[in-house]
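Going by my numbering, the sequence shown runs without a break in its numbering and finishes at 176.
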Amino acid sequence: MNTDDIDPKALFTFSYGLYIVSTTLGDRLNGQVADAVMQLTADPICVAACLHKNNYTAELLEQSRKFSVSVFSEDVPLPFIGNFGFRCGREHDKFVNCNYRMTTGGLPIVTEYTIAALEADVIDIADVHTHKLFIGRVKTAQILNEGNPLTYADYHKIKKGKSHANAPSAIFNAIK
Ligand SMILES: Cc1cc2nc3c(=O)[nH]c(=O)nc-3n(C[C@H](O)[C@H](O)[C@H](O)COP(=O)(O)O)c2cc1C
1 MNTDDIDPKA LFTFSYGLYI VSTTLGDRLN GQVADAVMQL TADPICVAAC LHKNNYTAEL
61 LEQSRKFSVS VFSEDVPLPF IGNFGFRCGR EHDKFVNCNY RMTTGGLPIV TEYTIAALEA
121 DVIDIADVHT HKLFIGRVKT AQILNEGNPL TYADYHKIKK GKSHANAPSA IFNAIK
């Protein structure tokens with residue numbers, strides 16, 4: 001493949017939201033920011049999250065096989081995103097810095113600066129080079145707060161946020 005044939009700006013035209021993908025294993029809670037989250041099917045409702053293999057969330061999720069997705073609202077402050085997106089749960093308990101609650105299914109959902117959340121059971125994991133794609137069947141979904149979802153485009157354009165090296169979209173930092 002000739003990389004001259006790939007203009008990264010073309011990929012920057014894709015639209016995404018911004019989410020916290022969380023899981024729990026034993027007494028460990030952890031979550032990470034991800035833009036690579038999408039709904040796949042309607043009946044049954046399935047979603048997918050693409051997580052870097054080095055991330056603690058991916059490590060835990062591979063064993064727990066269940067995850068939640070909390071949807072950021074557009075009023076979320078940058079440091080709040082940074083807590084989940086630029087720190088690793090191996091060294092730091094991210095949930096001490098935020099309001100959250102545990103679902104009856106035993107998953108943490110972040111209840112501040114978020115507008116909705118869902119829980120899913122992992123039905124498949126695909127190996128995608130540097131990342132793992134976790135495919136989940138949705139068990140519950142709920143609106144948490146009034147507001148609009150933060151888009152990944154506004155995270156870059158309005159909040160002047162950066163992508164993390166472990167995000168599939170990390171190349172966007174260089175082309176903005
Ligand atoms: C705006 C933004 C988007 C991100 N998107 C993804 C993503 O889609 N997939 C991913 O694996 N990491 C993504 N990351 C990076 C993880 O959130 C980051 O590596 C985090 O520190 C991992 O935490 P953990 O080791 O506790 O799991 C993103 C980070 C930011 C700030």
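Ideal placement from N, C-alpha and C gives every residue a C-beta, glycine not left out.
Problem - C-alpha distance - residue 181 paired with residue 91, whole-angstrom precision - result: Not covered by the structure: residue 181. The range shown for the chain is 1 to 176.
Handout entry: Contacts around residue 93, its chain only, beta-carbon distance under 8 angstroms, and the 5 residues preceding and following it disregarded
Key = 29
Practice task
Could you say which of 113, 120, 87, 85 lies nearest to residue 69 if we only look at CA atoms?
Solution key: 120
Exercise for the section: Look up residue 96 in the DSSP assignment and say whether it is helix, strand or coil. Expected result: helix
Exercise for the section: Let me know the secondary structure DSSP gives residue 19 once reduced to three states. Expected result: strand
Handout entry: Span of the beta strand (DSSP E), counted from its first residue to its last, around residue 108
Key = 108 to 110
Exercise for the section: Rank 159, 124, 141 by C-alpha distance to the C-alpha of residue 49 and give the top, closest one. Expected result: 124
Exercise for the section: On a CA-only basis, which of 129, 19, 110 is nearest residue 152? Give me that one, please. Expected result: 19
Handout entry: Cβ-based burial, residue 115 [other Cβ within 10 Å; buried from 16]
Key = buried
Handout entry: residue 163 beta carbon near ligand 1 (any heavy atom closer than 7 angstroms)
Key = yes
Practice task
Kindly examine ligand 1 and report whether one of its heavy atoms sits closer than 7 angstroms to the Cβ of residue 179.
Solution key: The structure shown does not extend to residue 179, since the chain is modelled only from 1 to 176, so the question has no answer here.
Practice task
Note down, in chain order, each residue of its chain lying with its Cβ closer than 7 angstroms to the Cβ of residue 111, except the 5 sequence neighbours on either side.
Solution key: 99, 100, 101, 144
Practice task
For residue 40, count neighbouring C-beta atoms within 10 Å of its own C-beta (all shown protein chains included) and say buried if the count is 16 or more, exposed if not.
Solution key: exposed
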